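**Q** Everything in the sequence shown is counted per our numbering, starting at 411 for the first residue and increasing by one. All residues carry an ideal CB built from backbone N, CA and C; glycine is no exception. Small disclaimer: the values here were computed from a predicted structure and weren't measured. Provided herewith is a single structure, encoded as C-alpha cells, for subsequent inquiry.
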Amino acid sequence: MALLPRRFERLRTVLDRRMADLTVLVEQVEKPHNLSAILRTCDAVGVLEAHAVCRHGRPPTFNSTAQGSQKWVPLHGHASITAAMATLKERGYRLVGTHLGVEAIDYGDADYTGPTAFVLGAEKWGLSAEAAALVDQAVFIPMRGMVQSLNVSVAAATLLFEALRQRRAAGLLPERGEGVPAERHRALLFEWAYPEVAAWCRREGRPYPPLDGEGAIQENLPRTLRMRC
411 MALLPRRFER LRTVLDRRMA DLTVLVEQVE KPHNLSAILR TCDAVGVLEA HAVCRHGRPP
471 TFNSTAQGSQ KWVPLHGHAS ITAAMATLKE RGYRLVGTHL GVEAIDYGDA DYTGPTAFVL
531 GAEKWGLSAE AAALVDQAVF IPMRGMVQSL NVSVAAATLL FEALRQRRAA GLLPERGEGV
591 PAERHRALLF EWAYPEVAAW CRREGRPYPP LDGEGAIQEN LPRTLRMRC
C-alpha cells in the first residue's frame, strides 16, 4: 500500500515545517467562519495544533472558510479558560493575550521566538477578565482609525505572522521536522497519509505500521482495509 510519491513527499514536507511551540487559544469564539479562518492561518504559518474554549467544551462546526485546514491543524476543545491556560503553561508556553490593559505593550515589541501561545477572546467582548489576569504578557495591535480592535481572526493572523517573521529572522524556522518531537512526527505522518488505517489501528489497539521512504506501509493489512485505501 502506498500513496503517490508526490503526495507523500508533500505531506512530509508540510509536517517537517510544523512548529509545536507556537499555538493559539481562543476563548468563546462561536462564529464558525472566524474559527475556520483562524485554523486556515495556523496552517499557513505552520502551527501544529490549536485550542479553543467553547460551550460544552466542543468547537462549533467549520465552514468553507477553513478550506479543509481542520484536517491538518487539530483543534482541541476545553471546558474552561483557566484549565486551558494551566495546561499550556504546564507545557512550557508563554501566554500572550490581546488586551488593552495598562500592562499591555505593542505586539511588535514582544518576543515570540520561544514557546508561545496567543490567547484571543470572543468576537464582541475580547478576553475575559479571568483570562486577562492569567496571561504572561498582554499586547495590543495599534489602531489608527475609529475602531479599537480587529476582527478576532484578523488579529490572530497579525500575531501569527509576526511570530513567523521573528522566527525567520532568528533562523528558527524548522525545515526537517525539528519543530515536532520525533515520535509525534512519525504518528502524524502516518495519520495524514493513511487516516482510515490509522483509525483502524486505534480501534484495534495496534501500533501504526512502519512506512518506507516512499510512504508504503510495511505490513500486511486486512484485505477489506487495503481496498478502502
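To which residues of the same chain is D519 closer than 6 Å at the C-beta, ignoring the five residues directly before and after it?
**A** Along the sequence shown, one-based indexing puts residue 519 at 109. Nothing listed; no residue qualifies.
**Q** I need the boundaries of the beta strand (DSSP E) containing V506, first residue and last residue.
**A** For this step, residue 506 is matched to residue 96 along the sequence shown. Element bounds for V506: R504 to T508.
**Q** Do L425 and V590 have their beta-carbon atoms positioned less than 8 Å apart in this structure?
**A** On the sequence shown, position 180 is the one that residue 590 refers to. On the sequence shown, position 15 is the one that residue 425 refers to. V590 places its beta carbon less than 8 Å from that of L425.
**Q** To the nearest angstrom, report how far apart G524 and G531 are at their CA atoms.
**A** Here residue 524 corresponds to residue number 114 of the sequence shown, with the count starting at 1. Here residue 531 corresponds to residue number 121 of the sequence shown, with the count starting at 1. Each residue's alpha carbon lies about 22 Å from the other.
**Q** Using a Cβ-Cβ distance cut-off of 8 Å, determine whether Q480 contacts chain B.
**A** The chain inventory of the structure shown lacks chain B, comprising one protein chain alone.
**Q** Measure the C-alpha to C-alpha separation of A599 and R422 and round it to an integer number of angstroms.
**A** Residue numbering aside, residue 599 sits at position 189 when the sequence shown is read from its first letter. Residue numbering aside, residue 422 sits at position 12 when the sequence shown is read from its first letter. This sequence places Leu at residue 599; Ala is not what is there. Rounded to the nearest angstrom, the two C-alpha atoms are 7 Å apart.
**Q** What does a CB cutoff of less than 8 Å around L485 pick up in its chain, not counting 5 residues either side in sequence?
**A** Within the sequence shown, residue 485 is the residue found at index 75, counting from 1. Same-chain partners within the cutoff: L445, L449, E459, A460, H461, A462 and P469.
**Q** Just to confirm the assignment: which complete beta strand (DSSP E) runs, minimum length 3, are found wholly within the region 545-601?
**A** 547-550
**Q** Can you look up L413 in the DSSP assignment and give me helix, strand or coil?
**A** Translated into the one-based positions of the sequence shown, residue 413 becomes position 3. Note: L413 maps to coil in three-state DSSP.
**Q** What's the call for V436, buried or exposed, on a 16-neighbour Cβ count within 10 Å?
**A** Taking the sequence shown and counting its residues from 1, one reaches residue 436 at position 26. It counts as buried.
**Q** Just tell me which of V545, P415 and A454 has its CA closest to the CA of R575.
**A** As a first step, residue 575 must be located in the sequence shown, where it is residue number 165. Here the closest residue by C-alpha is A454.
**Q** What do you get for S490, buried or exposed, if any count of 16 or more other CB atoms within 10 angstroms of its CB means buried?
**A** As a first step, residue 490 is located in the sequence shown; it is residue number 80 there, counting from the start. Answer is exposed; the Cβ neighbour count stays below 16.
**Q** Look up G536 in the DSSP assignment and say whether it is helix, strand or coil.
**A** Along the sequence shown, read from residue 1 onward, the residue named residue 536 stands at position 126. If DSSP states are grouped into helix, strand and coil, G536 belongs with the strands.
**Q** Output yes or no for whether 8 Å exceeds the beta carbon distance between C611 and P617.
**A** By 1-based counting over the sequence shown, the position of residue 611 is 201. By 1-based counting over the sequence shown, the position of residue 617 is 207. Yes, Cβ-Cβ distance for C611 and P617 is below 8 Å.
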